[in-house]
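Q: In terms of our numbering, the sequence shown opens at residue 326 and continues consecutively.
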Amino acid sequence: MRDPSPASHAIAVEIAGRRWRVSSDGHDISIPLRFNEAQPTFFGAPAASAEPITAGSFVGDVRHGGSCNCSVHTLAPHCNGTHTECVGHITQERLSVRDLAIRHLSAALLISVMPESSAEISGDRVISLAALIKAIDGATLSDYQALVVRTLPNDASKLTCNYDAGPMPPYFSVDAMRHLVDHGIATLVVDLPSIDRAQDGGKLAAHRVFWGMPAGSTSAATATRQHATITEMAFIDDAVADGSYLLNLQVAPFVIDAAPSRPILLPLSPA
């Protein structure tokens, strides 16, 4: 039997008027969430946990005599692993990521960024406009609908990092975020716990710029980019090269502002 050629594992697609060849060899860049085990945590949230259901004599754990496994899982999507959030994160209206995260396939550019020392807050590291442009390295950002950002240095400690126990995580400058908005990026995926400083007095300035929402507003009607989504706490292994990909963003259909997600990168090349 003849082995299939590499070409048989690729398809051609057209995205925003541009044709691409898509490889089927995808890269899952979500962090596996291991309940009751080592996992990433942020902003003082408890770790995600699981407990077997008990009802009368039934226990939902085969190891303890149950007929099947059935557990209650507790987590804070914003703080326990890879998640995708919508503008409902900062509005008084309870907008749902299930209704707004409808861009499931996007042409994405993966870049690796070295955050710079902040000129404003000693010890902070910032993804500045200059650092962002350097990482984009001449690519035409407007050719893409999504941007995936891997911060440097990069290692597997991001899979289980307690972001409250170490130095302040890097975050985006407002100018860098405006640059993404100006170039039409509607889907942003980062390996950070937040695109804003963890303790910023509640400003969430980068979030507001990305969703086109004025400072201080809590009304969804004021957001000009309700279609945009932010995925945080991804992990992009060094084996995944910078470049062009088809982003398949899979989001759990939770009717809340943020939900666990599984972004998958499929290599792209011009067709």
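Ideal Cβ positions, reconstructed from N, Cα and C, are used throughout, including at glycine.
Predicted model, so just to flag it, every value in this text is computed and none were measured.
Take every Cβ of the stretch 393-406, pair it with every Cβ of the stretch 576-586, and state whether three or more of those distances are shorter than 8 Å.
A: yes
Q: If you draw a straight line from the alpha carbon of V515 to that of L435, how long is it in whole angstroms?
A: 10 Å
Q: May I ask you to report which of helix, strand or coil DSSP gives V422?
A: helix
Q: Are the beta-carbon atoms of N573 and H352 separated by less than 8 Å?
A: no
Q: Figure out for me which residue from L505, I452, I354, A455 has the closest Cα to the Cα of Y469.
A: L505
Q: Strictly by DSSP, which residues pair up with G524?
A: What sits at residue 524 in the sequence shown is Gln, not Gly. Per DSSP, none; premise fails for Q524.
Q: On the premise that P377 lies in contact with S396, defined as a C-beta separation below 8 Å, what is that separation, rounded to the nearest angstrom?
A: For S396 against P377, the beta-carbon gap comes to about 5 Å, under 8 Å, which counts as contact.
Q: Under 8 Å between the Cβ atoms of A456 and P440?
A: Yes, Cβ-Cβ distance for A456 and P440 is below 8 Å.
Q: Tell me R587's beta-bridge partners as DSSP assigns them.
A: Q575
Q: If we ignore side chains and look at the alpha-carbon of each, how far apart do I555 and G526 end up?
A: 20 Å
Q: Return helix, strand or coil for R359, following the three-state DSSP convention.
A: Assigned with DSSP and collapsed to three states, R359 falls in coil, not helix or strand.
Q: Going by the CB atoms, is the gap between V451 and P495 shorter than 8 Å?
A: yes
Q: Compute the Euclidean distance between the alpha carbons of E418 and S544, then round it to the nearest angstrom.
A: 7 Å
Q: Please report how far the alpha carbon of V338 lies from the alpha carbon of R344, in whole angstroms.
A: 6 Å
Q: For V580, which residues of its own chain have a beta-carbon under 7 Å away from its beta-carbon, when the five flanking residues on both sides are left out?
A: S421, R423
Q: Looking at the secondary structure, which residues open and close the alpha helix (DSSP H) in which I461 lies?
A: 454-461
Q: I need the straight-line Cα distance from F383 to P578, nearest angstrom please.
A: 29 Å
Q: Judging by CA-CA distance, which residue of G342, A341, I356, I336 is the nearest neighbour of D562?
A: I356
Q: Going by beta-carbon coordinates alone, are T512 and S431 separated by less than 8 Å?
A: yes
Q: Please report the distance separating the alpha-carbon of R359 from that of L590.
A: 22 Å
Q: Which residues mark the beginning and the end of the beta strand (DSSP E) in which R309 is found?
A: Residue 309 falls outside the range modelled here, since the chain spans only 326 to 596, and no answer is possible.
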